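Undergrad: Which chain is which? The protein sequence lines are E and D, in order. Counting in the numbering used here, the final residue of the first sequence is number 211, and the numbers go up one at a time with none missing. Counting in the numbering used here, the final residue of the second sequence is number 127, and the numbers go up one at a time with none missing. In this text, a Cβ means the ideal position worked out from N, Cα and C, and glycines have one as well. Bear in mind that the values here come from a model prediction, so they are computed numbers and not experimental data. Can you keep this structure in mind? I'll have questions shortly.
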Amino acid sequence: QGARSVCPSCGGPTLAPQAERALVLELAKQQILERLHLTSRPRITNPPPQAALTRALRRLQQGSVAPANGEEVISFATTTDSSTSTCSSMLIFQLSTAQSHHLHHARLWLHVLPTLPGTLYLRIFRWGPRRRHRVSRALLAEHQMTTPGWHALTLPSSGLRGEESRVLKLQLHCRLLEGNGTTIPQPRRLLDTAGDQRPFLELKIQPNEPGTGRARRR
Amino acid sequence: TLTCEPETPLCCRRDYYVDFQELGWQDWILQPEGYQLNYCSGQCPPHLAGSPGIAASFHSAVFSLLKANNPWPLGTSCCVPTARSPLSLLYLDRNGNVVKTDVPDMVVEACGCS
């Protein structure tokens, strides 16, 4: 309103409403980026499909509680084209360093197709970085599934933590079991690994406790 | 707490709703659609020093000290937030992951005089 009215706090002239609005919006941007520990707003190059996002959020809303002052992360898988069948798919997840360091709970959500003809025996391996030209591989978990639809498979968070690489590679190995445990020939597709029912990781991240870095350095 | 009206000169809470669409950030902040960016403004004359805008006990302690000592203290009392609440955000990070986090002390709920 120009020089007529005076700022009640500092006694200076107040700002014109548009100028005040622009200032407040700039302050809002700074406050949000600072509280999310970001230097600038993220540039989203490949946002997840809306349908996959809606479905994943609906699953997580059922009874999930974020750790106090922690974060919950949903990371959607991308698959390598080389996988011949979904039963030897390589699922690739992009995590930030902080997310992979302070992980304390992890579940892999998989969608089993309705055409499941028996019991699906699934092993999940973590592919590590190459060492002396050999790829290191660690078994993370084994699960048996007898019903189609979504399954949340708990993974040991210790097995997922830590590498400096921000890329997490999980390889699925599955086969069909008959009632007596013998393996039967399997159809080409048993799991959804792309599209709206693609797998996703549900992670709970602890806050950065003071001293975490010291513990890790020690 | 006092909510600021145009003619309120005393310490009060000024309410501002910020819509993320207005920031052009609705593509990466999924929920909520906006938030209250409130802030405190206004004068804190000596007789209001220590009045936190919610509980008066601290105010009465300061007031009796003011009476017991010199009535016009040299220091000044400022209009500051005295109660804040967290804001739950759902946003996309640079890898396209969905992050849900509760940002503590993000929204000013009450203002008072230091």
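1. Reducing DSSP to helix, strand and coil, say where C25 of chain D ends up.
2. Is it right to say G63 of chain E is buried, meaning 16 or more other beta carbons lie within 10 angstroms of its own, or is it exposed?
3. Can you list, in chain order, the residues of its chain whose CB lies under 8 Å from that of D189 of chain E, leaving out five sequence neighbours each side?
4. Once the 5 residues before and after D28 of chain D are set aside, which same chain residues still bring their CB inside 7 Å of it?
5. Tell whether a beta-carbon distance below 8 Å holds between G152 of chain E and L170 of chain E.
6. Look up L109 of chain E in the DSSP assignment and say whether it is helix, strand or coil.
7. Whose C-beta lies closer than 7 Å to the C-beta of S(-2) of chain E among residues of the same chain, with five residues either side of it excluded?
8. When the cut-off is 8 Å and only beta carbons count, does L50 of chain D lie next to chain E?
9. Closer than 8 Å by beta-carbon distance: list the chain E residues that pair up with L36 of chain D, in chain order.
10. List, in order along the chain, the chain E residues whose C-beta lies closer than 9 Å to that of D28 of chain D?
11. Less than 8 Å between the C-beta atoms of L106 of chain E and L184 of chain E, yes or no?
12. Kindly list, in the order they appear in chain E, the residues whose Cβ is closer than 7 Å to that of T105 of chain D.
13. Contact defined as beta carbons within less than 8 Å: I believe L146 of chain E pairs with R100 of chain E. What is the distance between those atoms, to the nearest angstrom?
14. Quick check: the Cα distance between T72 of chain E and T186 of chain E, rounded to an integer number of angstroms?
15. Since I117 of chain E meets chain D, which of its residues come closer than 9 Å, beta carbon to beta carbon?
16. So L194 of chain E packs on F86 of chain E, CB below 8 Å; how close in whole Å?
17. I'd like the span of the alpha helix (DSSP H) that includes L50 of chain D, first residue to last.
18. Which first and last residues belong to the beta strand (DSSP E) in which L146 of chain E is found?
19. The alpha helix (DSSP H) spanning L16 of chain E covers which residue range?
20. Answer yes or no: does any C-beta atom of chain D fall closer than 8 Å to that of Q87 of chain E?
21. Okay, do the stretch 9 to 25 of chain E and the stretch 27 to 42 of chain D touch, 3+ Cβ pairs below 8 Å being the bar?
22. Go through its chain and collect everything with a Cβ distance to R116 of chain E's Cβ below 7 Å, but skip five positions before and after it.
23. At least one CB of chain E closer than 8 Å to the CB of F109 of chain D: is that the case?
24. Let's test the definition: count the other Cβ atoms within 10 Å of the Cβ of T114 of chain D and tell me whether it reaches 16, buried, or not, exposed.
25. Could you name the residues that DSSP lists as bridge partners for P94 of chain D?
26. Given that a residue counts as buried once 16 or more other Cβ atoms are within 10 Å of its Cβ, and exposed if not, what is G4 of chain E?
TA: Answer, in terms of the structure:
1. Within the second sequence, the letter at position 12 stands for residue 25 of chain D. The answer is strand: DSSP assigns C25 of chain D an E or B state.
2. Taking the first residue of the first sequence as position 1, residue 63 of chain E is located at position 70. G63 of chain E comes out buried.
3. In the first sequence, the residue the question calls residue 189 of chain E occupies position 196. Around D189 of chain E: P42, A44, A45 and R48.
4. For the purposes of this step, residue 28 of chain D is identified with residue 15 of the second sequence, where counting begins at 1. Counting only Cβ-Cβ distances below 7 Å, and skipping sequence neighbours, we find T16, Q49 and N51.
5. On the first sequence, residue 152 of chain E is found 159 positions in, with the first residue counted as 1. On the first sequence, residue 170 of chain E is found 177 positions in, with the first residue counted as 1. Contact: no.
6. Here residue 109 of chain E corresponds to residue number 116 of the first sequence, with the count starting at 1. The three-state secondary structure of L109 of chain E, taken from DSSP, is coil.
7. As a first step, residue -2 of chain E is located in the first sequence; it is residue number 5 there, counting from the start. Here the set comprises T7.
8. Counting from 1 along the second sequence, the entry for residue 50 of chain D is found at position 37. With a threshold of 8 Å between beta carbons, L50 of chain D makes contact with chain E.
9. Stepping through the second sequence from its first residue, residue 36 of chain D is reached at position 23. Correct list: L18, A21 and K22.
10. Start at 1 with the first residue of the second sequence, and residue 28 of chain D comes out as number 15. Listed along the chain, the chain E residues whose CB falls inside 9 Å of the CB of D28 of chain D amount to none; the nearest CB is some 11 Å away.
11. Here the question's residue 106 of chain E lines up with position 113 in the first sequence. Here the question's residue 184 of chain E lines up with position 191 in the first sequence. Cβ distance < 8 Å, so L106 of chain E and L184 of chain E count as in contact.
12. Numbered from its first residue, the second sequence carries residue 105 of chain D at position 92. A quick correction: the sequence has Leu, not Thr, at residue 105 of chain D. Within chain E, the residues near L105 of chain D are P35, I37 and P40.
13. Here residue 146 of chain E corresponds to residue number 153 of the first sequence, with the count starting at 1. Here residue 100 of chain E corresponds to residue number 107 of the first sequence, with the count starting at 1. Their Cβ separation, rounded to whole angstroms, is 6 Å, which keeps L146 of chain E and R100 of chain E in contact under 8 Å.
14. By 1-based counting over the first sequence, the position of residue 72 of chain E is 79. By 1-based counting over the first sequence, the position of residue 186 of chain E is 193. Straight-line measurement puts the Cα of T186 of chain E at about 7 Å from the Cα of T72 of chain E.
15. The sequence position of residue 117 of chain E within the first sequence is 124, counting from 1. Chain-order list of chain D residues neighbouring I117 of chain E: empty, with the shortest C-beta distance near 19 Å, by a criterion of under 9 Å.
16. As a first step, residue 194 of chain E must be located in the first sequence, where it is residue number 201. As a first step, residue 86 of chain E must be located in the first sequence, where it is residue number 93. Taking 8 Å as the upper bound for CB-CB distance, L194 of chain E and F86 of chain E are in contact here, some 6 Å apart.
17. Here residue 50 of chain D refers to the residue found at position 37 of the second sequence. First-last for L50 of chain D: undefined, no H or E at that position.
18. Here the question's residue 146 of chain E lines up with position 153 in the first sequence. Segment G142 to L148, the beta strand (DSSP E) holding L146 of chain E.
19. If you number the first sequence from 1, residue 16 of chain E lands on position 23. Unbroken alpha helix (DSSP H) run through L16 of chain E: P10 to R28.
20. To locate residue 87 of chain E, count along the first sequence from 1; it is residue 94. Taking Cβ atoms only, chain D reaches closer than 8 Å to Q87 of chain E, which makes this a yes.
21. At 8 Å Cβ cutoff, the stretches touch.
22. To locate residue 116 of chain E, count along the first sequence from 1; it is residue 123. The beta carbon of R116 of chain E is closer than 7 Å to those of L132, E135 and H166 in its chain, skipping five residues each way along the sequence.
23. Residue numbering aside, residue 109 of chain D sits at position 96 when the second sequence is read from its first letter. According to the sequence displayed, residue 109 of chain D carries Gly and not Phe. At a cut-off of 8 Å between beta-carbon atoms, G109 of chain D makes contact with chain E.
24. Locating residue 114 of chain D in the second sequence gives position 101, where the first residue counts as 1. Counting Cβ neighbours within 10 Å, T114 of chain D comes out buried, since at least 16 surround it.
25. Residue 94 of chain D sits at position 81 when you count from the first residue of the second sequence. For P94 of chain D, the beta-bridge partners assigned by DSSP are D:C124.
26. If you number the first sequence from 1, residue 4 of chain E lands on position 11. G4 of chain E should be labelled exposed.
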